[in-house]
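Protein chains in written order, with the numbering used here: chain A, 141 to 539; chain B, 141 to 539.
Listed below in structure tokens is the structure:
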């Protein structure tokens, strides 16, 4: 690869560890002899088009590591799919700044944008390395065992539901927790990590991978109330009816530039489900929508997620520097060994761009209202240990 | 005080540290020679009426301390104001079990119940010590500098808003965070602890202590958007219009047995406020309602709150054992010294029962849309240090 300057940016929804990936790539670049200037574009490709850069050689390593440990996207983010005209503007800027290494951190929409820029670069015969660094709390990127950002968000969800279950135990009734996840139920499923004893919640888990019906929901909750005298429910914001229409789509009309309906930042779904259960005569029904706290709550982070996010950034720079391939997306693969471990590989951008993956069938129970033990075994090492909680021995039901 | 058995129970909304108070009282009682059996009633006075007790001498000290460090009410809770008929049933049970020490942990409704039981006991000439142990994340108990449960909930709110502000910085627009607090704005005000730099959020803080108008709100947000290019707002679920009617009351009709309207467990207020701002033409407006996570999230606790909750429980038992007064409520007073410290005193139950306190005027700014430095100085030691966060030096605006 020719020597040149480097540009890195962040895109899509923030996560607890997206700055670890930024730090991983930047610190590796700073140690390399192949890179000149290292620019950070503000707010993704929007910042490139507007030439809003900061100089990432100017920041101390101490600051970079402190930023790495900070939630949300330190360079700012954007949700923008570049048009052909945008791409022309972007290339003009890349040429002007002699950028030969471009790294874009984000989810599948970000991978798609990286892919588009890479394809346009090829057409323009502009020599540049374009690498996508994975990030998504949804855990829905193709080719990956799991994605940076998921473990920490999953830890937040598990901690929240563990506490919520204790809260529900104290006051009874039904508690509904609406959890992020557009098409993939991985984050909602993480609620199940909260469970320790047989009668612990969540008692029901609804995922976008299975059609949701209000009738089945009401019947499930009635059965759980009968069995446990209370009920804690984890439900994905992305649940759809049998026709594939998001339940929430009936209540909102906001779409982003990638054509996705707005699911988060509203309590409408939780309120709808709660109203449905009140019709059954259940007196105390409460719904919380975890919302943006899941992706940027300060102070809850999974150690392995944090480490892997950093290493994914590092791996992206090394892949670019090695010159084996000119572009690609870093993916995380789980080693087949019994002890948890991962490796970082490079796949073609188009394999990660646009299409997402969802929960495999083996992670969802037959009745479609909970997860399986296989999911717990999959997710537990990504989240790590939860804070310890205890109950009085006399109150723990023995089987 | 005559020797006898002891009964302890929990009531009202759970908190992160309510079990510390339980442990403080129970462990002190176990070390005392003046107490026979130590019963824990399940679900407050409901459990007393139904004789649902556990034996708190049977649990190991290790278990009690592990439960102390666990969120929510380990004995279960209840929201119930006893009728005269209930009181008769309760006395029958107290006599049957020879209870001479009664401790009830909770907020002002719990203090009121303790007071009612104590008054009825006097009428019935039944000799019993009745003590209320303070707990409320709302921080609204009379006579107290602050209450156990507040510091930890405030820490959760500050961590959430700190992360949320970083998130909003990345993607822009307006973010509304709806925070618990019926009549007192203390918990919502704690959002201000998230702020480090001048341009950090929360940029606006709305409290139940000041009348809320949608017009003023819209004008405030427009001004903040002009100044910061984005806006993070902390708003109390209990905000009222100029007539004192809760804004949310227009959307819900659920009341508890103390006559309070249901404010939590619904996202309606956040959605209403978001819709109002969308009318102004602000493109990206999101609202999260923190809900029950604020009082039972596993893993976020203030060290001083935790310690004080334990000591308040201990103080209640010691006050009862000393026999100086036959009943009372433990209150926390702040020492006037520069270095933060507290003492535990006993006041009459009626002084804490029913009536609540709200934020003093000195804690609220003149325009009624933020807190003052005096509040920050008041609240900071109750919450303790927040997790460290950092930004790139080049992105921090210098004044």
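Even glycine gets a Cβ: it sits at the ideal position worked out from N, Cα and C.
For chain A, check one thing: does any of its Cβ atoms lie closer than 8 Å to the Cβ of residue i?
i                     : result
residue 269 (chain B) : no
residue 217 (chain B) : yes
Which of helix, strand or coil does DSSP assign to residue i?
i                     : result
residue 432 (chain B) : coil
residue 258 (chain A) : helix
residue 277 (chain B) : coil
residue 302 (chain A) : helix
residue 498 (chain B) : coil
residue 374 (chain B) : strand
residue 353 (chain B) : coil
residue 320 (chain B) : coil
residue 282 (chain A) : coil
residue 532 (chain B) : coil
residue 386 (chain B) : strand
residue 214 (chain A) : coil
residue 145 (chain A) : strand
residue 549 (chain A) : Absent from the structure is residue 549 (chain A), since the part of chain A shown begins at 141 and ends at 539.
residue 326 (chain A) : helix
residue 381 (chain A) : coil
residue 150 (chain A) : strand
residue 417 (chain A) : helix
residue 181 (chain B) : strand
Taking residue i as the query, report the chain B residues whose CB atoms sit under 7 Å from its CB, ordered along the chain.
i                     : result
residue 527 (chain A) : 438 and 439
If the cut is a Cβ gap below 9 Å, which residues of chain A does residue i touch?
i                     : result
residue 450 (chain B) : What residue 450 (chain B) touches in chain A: nothing, since even the nearest Cβ is about 15 Å away.
For a contact meaning CB atoms closer than 8 Å, what does residue i contact in chain A?
i                     : result
residue 534 (chain B) : 194, 195, 198 and 199
residue 520 (chain B) : Neighbours of residue 520 (chain B) on chain A: none; closest Cβ ~16 Å, over 8 Å.
residue 203 (chain B) : 530, 532 and 533
Leaving out five residues on either side along the sequence, give the residues of the same chain with a beta carbon under 8 Å from the beta carbon of residue i.
i                     : result
residue 418 (chain B) : 425
residue 307 (chain A) : 315
residue 293 (chain B) : 155, 156, 277, 320, 327, 330, 434 and 435
residue 362 (chain B) : 420
Should residue i be flagged as near chain B, meaning a C-beta pair shorter than 8 Å?
i                     : result
residue 212 (chain A) : yes
residue 154 (chain A) : yes
Which residues in chain B sit within 8 Å of residue i, going by Cβ to Cβ distance?
i                     : result
residue 531 (chain A) : 207, 210 and 214
Grab me the residues of residue i's own chain with a C-beta within less than 7 Å of its C-beta, minus the 5 sequence neighbours each way, in chain order.
i                     : result
residue 218 (chain B) : 151, 183, 184, 185 and 186
residue 511 (chain B) : 329, 332, 345, 503, 504 and 505
residue 302 (chain B) : 334, 526 and 529
residue 210 (chain A) : 159
residue 286 (chain B) : 279, 472 and 522
Kindly say whether residue i, judged by its beta-carbon, lies nearer than 8 Å to any beta-carbon of chain E.
i                     : result
residue 311 (chain B) : The structure shown contains no chain E; the protein chains it does contain are A and B.
Starting from the C-beta of residue i, find all residues in its chain whose C-beta is less than 6 Å away, skip the five residues before and the five after it, and write them out in chain order.
i                     : result
residue 175 (chain A) : 146 and 169
residue 442 (chain B) : 291, 292, 295, 523 and 524
residue 192 (chain A) : 182
residue 188 (chain A) : 181, 230 and 233
residue 456 (chain B) : 165, 243, 271, 273 and 470
residue 208 (chain B) : 159, 160 and 163
residue 340 (chain A) : 305
Hey, would you say the C-beta of residue i is under 7 Å away from at least one heavy atom of the ligand HEM?
i                     : result
residue 164 (chain A) : In the structure shown, the ligand HEM is absent, as is every other ligand, since no ligand is present at all.
query = For the segment 408-435 of chain B, which residues have a beta carbon sitting closer than 8 Å to at least one beta carbon of chain A?
reply = 408, 410, 411, 414, 425, 426, 427, 428, 429, 430, 431, 432, 433 and 435
Selection of the segment 290-308 of chain B by Cβ proximity to chain A, strictly under 8 Å = 299, 300, 302, 303, 304, 306 and 307
inquiry  = Tell me which residues of the segment 274-288 of chain B have at least one Cβ-Cβ distance to chain A shorter than 9 Å, keeping chain order.
reply    = none
ask   = When you check each C-beta in the segment 342-359 of chain A against every C-beta of chain B, which residues fall closer than 7 Å?
value = none
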